[in-house]
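For the working numbering, count along the sequence shown from 1 and bump the result up by 4.
Beta carbons: idealized from backbone N, C-alpha and C, even for Gly.
Reading through the structure tokens given below for one structure.
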Amino acid sequence: MKLNTKLVMIMLTMLVVATLILFLLNQFSQNDLVQEIQESSTVVSKAIQLSVEDLTSEEESSRLSEYLSQAKNKGVNEINIINNEGEIISSSDPAQVGKKREIKKLEKGLKASRRSGVGSLKPYDLVVPVIVGDEQLGYVQINLLLDNIRDIQHANFVRRLSATVLVFMGGMILIIFLARRYTNPIHRLATGVKNVSAGDLSVTFEAGSGDEIGELAENLNEMVKKLKEKEQLEKRLYEAEHLSKVGQLAAGIAHEIRNPLNYISLAIDHLKSELLPSCPEKGGELKSIADNIKEEVRKANYMVLNFMNYGRPLKLKLQQVSYPDLVDKAMQIMQDRLTERNIEVAREIPADLPAMQMDPELMRNCLCNFISNSTQAMPEGGTITIGAGIAPESGEYRLTFSDRGVGIDEQDLEKVFQPYFTTREAGIGLGLAITERIIKEHGGSITVQSRKGEGTTFTVILPAAAVVAAPASAHNGETQQEAARG
């Protein structure tokens, strides 16, 4: 419900309640007043009846005095019977008998007049002529005190005033409640906006109500979400720009470095061929030193190659490739390292696995990166499992690479594909970043699952469009199991 609708409904409710209370009080007041007047009229009528009976009777009666004691609580203060000469011949107050009243003031017909009283008492005289046939026998004078009616009116006024005060106080309490009800969320929104403007994008605005405040909170949450996306986009753009500059620099440096590295490698081979025959007593030591130097040159050349590959655009040269043959070539490249680390490779690849459309050189580079990471994760040796298959539902190519190495910390899983992220002192953190880039260029995806101390599994999914219908593998058997050991 909208805020303005809520406020209108609340104000209408207050108005209806106040009107209803005042209406009921007015009805009760009128009923009390009418009832009091009816009772007073009955008393006056009875007093007139008794006075007429006394006036027309020749016998003396004390009924007026007796009745007055009953009628005083209804406002009848005194009853006098006056003859035509103005003499009081009978009265509820015996002291008034024999006193005179001015005839001129006792006019024919019903007359009520107010006279001064004592204190708060304000008496009224009611004079009624008594006529039997054409003959007027006298007058009946009734002195009334109507303070009981005024008391009722005063009590009703107090009730109405009290009700008005209560309604006003209730309205004030409701206004205070509404003020807190709607200003507190606004205050929280203002505080949140202030934090957002200060750069805190972790703020979440509570949108519990369905009114304008809730709608504003939802819009602010959407704004914060877009600000986060913008911040992440700017961060990625900055990283992309930075990587582009690094790539350009690396490409230039790498090109200059590869030439001396190739020269050093050729020089080592030449020295081995020249020195080893001439120094047989130190041949083993010289060969070991030369091999170590050449291995370090190979590592440096590999890192330079990674820099060059990451810093330049990829251009895929798609060919029909047999995946088992591709694995064989990658293992040949990595054979020395596998032998050195005492690592076996188990292949779980169906014999009828279809060939794929891919860039063989780039994909072989990916396989080498996976094998290299696994060898570093198993310094004491172990088994690398390379699997492949076709997903029955989607027809996608599914490749897996598993090891039982040291595993990856949970907080590092999201970072393994980031450029320059590495947990090794000798690494530069480009191997998996380049691998992910190559897989994505082929239209695929790569994921990693790992637990510390239990090993790591990389899963590569390539689209069904990359699958070639006819099998293209020279290997036999449903599943190939191969152990490569040095």
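Item, Value
"Helix, strand or coil at Arg351 [DSSP, three-state]", "strand"
"Leu231 beta carbon less than 8 Å from that of Val197", "no"
"Distance, Glu210 Cα to Leu220 Cα", "10 Å"
"Distance CB(Ile412)-CB(Ser454) smaller than 8 Å", "yes"
"Cut-off 7 Å between Cβ atoms - residues of its own chain near Asp416, not counting five sequence neighbours on either side", "Thr427"
"Uninterrupted alpha helix (DSSP H) stretches inside the region 327 to 384 (no shorter than 4 residues)", "327 to 344 and 364 to 381"
"Bounding residues of the alpha helix (DSSP H) (the contiguous stretch that carries Leu436)", "Gly435 to Glu445"
"Distance between Ser277 and Asn266 (C-alpha atoms, nearest Å)", "17 Å"
"Local Cβ density within 10 Å of Gln145, reported as buried at 16 or more and exposed below that", "buried"
"Local conformation of Gln422 per DSSP, three classes", "coil"
"Cβ-Cβ separation, Ala167 to Leu26 (assumed contact under 8 Å), whole Å", "6 Å"
"Proximal residues to Ala294 (C-beta, below 7 Å), its chain only, five neighbours per side dropped", "Ile272, Leu275 and Lys276"
"At least three beta-carbon pairs within less than 8 Å, the region 455 to 471 to the region 384 to 404", "yes"
"Whole-Å CB distance - Gln324 paired with Gln380, under 8 Å assumed", "Wrong, their Cβ atoms sit about 33 Å apart, outside the cutoff."
"Residue(s) in a DSSP beta bridge with Asn147", "Glu82 and Asp129"
"Counted within 10 angstroms of its Cβ, other Cβ atoms place Cys283 as buried (16 or more) or exposed", "exposed"
"Where Phe209 falls: helix, strand or coil (DSSP)", "coil"
"Buried versus exposed call for Val331 [16 or more other C-beta atoms within 10 Å across all chains shown]", "buried"
"Pair within 8 Å by beta-carbon distance, Val134 and Leu141", "yes"
"Close Cβ partners of Asn369 (< 6 Å) along its chain, the five nearest in sequence each way excluded", "none"
"Bounding residues of the beta strand (DSSP E) (the contiguous stretch that carries Ile412)", "Careful: Ile412 lies outside any beta strand (DSSP E) and carries neither H nor E."
"Classification of Ala302 by the beta-carbon crowding that lies within 10 angstroms, buried from 16 upward", "Residue identity check: residue 302 is Arg in the sequence provided, not Ala. Classification for Arg302: exposed."
"DSSP-derived helix/strand/coil call for Gly391", "strand"
"Residue range of the unbroken beta strand (DSSP E) whose run includes Val452", "Ser449 to Arg455"
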